[in-house]
Amino acid sequence: MVYIQRRETFSASHRLFNSAWTDEQNEAVFGKCSNRHGHGHNFQLIVTVKGTVSSETGFVMNLVDLKDIMMREVIDQVDHRNLNEDVPFLQGVLPSTENLALAFWARLSPAIEARGAALHCVRIVETENNFVEYYGE
Ligand code: NI
1 MVYIQRRETF SASHRLFNSA WTDEQNEAVF GKCSNRHGHG HNFQLIVTVK
51 GTVSSETGFV MNLVDLKDIM MREVIDQVDH RNLNEDVPFL QGVLPSTENL
101 ALAFWARLSP AIEARGAALH CVRIVETENN FVEYYGE
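With this note's numbering, the residue at position 76 of the sequence shown is 76, and numbering never jumps.
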């Protein structure tokens, strides 16, 4: 099994806010990440795909195809958007980085499998110091 990776970036805003809670509860759990009008990040999305190497192409998967899938399924939907308001597939989702990883996996995995490879990991870099990885389970 060989693993390949592709990185794309996007800029977006979000607010960590649970509408079932009081403002005081949100403030206690999320702190300034719950400020009313949100805040922004320059996110990185790193996708790892696994598969066998084709004897014809030498590829696990054509990275151009992987880039196209990442752009269509995720980046074009979230770049320069408010993740609480503007993204149809995130409606009703608290847009923590963990929940973004789950939602991105659900969109990326079928498209990658349709290309004969398998999604191994969705990694999101939110800040220089905070990262989330999801392996599909
Ligand atoms: Ni944030």
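Ideal Cβ placement from N, Cα and C applies to all residues, glycine included.
DSSP places Q91 in the coil class of the three-state scheme, outside both helix and strand. Residue nearest to R36 within the set N42, E27, F43 is E27 (criterion: CA-CA distance). Apart from the 5 residues on each side of it in sequence, A103 sits with its Cβ closer than 7 Å to the Cβ of F89, L90, V93 in its chain, given in chain order.
Listed as beta-bridge partners of V49 by DSSP are I4, L119. The three-state reading of DSSP puts A106 in helix, counting H, G and I together. Counting only heavy atoms of the ligand NI, the residues whose C-beta sits closer than 7 Å to one of them are, along the chain, H14, L16, C33, H39, H41, E126. At a Cβ-Cβ threshold of 9 Å, M1 and K50 count as neighbours.
Less than 9 Å divides the Cβ of H14 from the Cβ of H41. Per DSSP, E24 is one residue of the alpha helix (DSSP H) stretching across 23 to 30.
Sequence-distant partners of L108 (beyond 5 residues in either direction) whose C-beta falls short of 6 Å from its own C-beta, in its chain, are E73, L119.
Residue state for A114 is assigned as coil, using DSSP reduced to three classes.
V64 places its beta carbon 9 Å or farther from that of V53.
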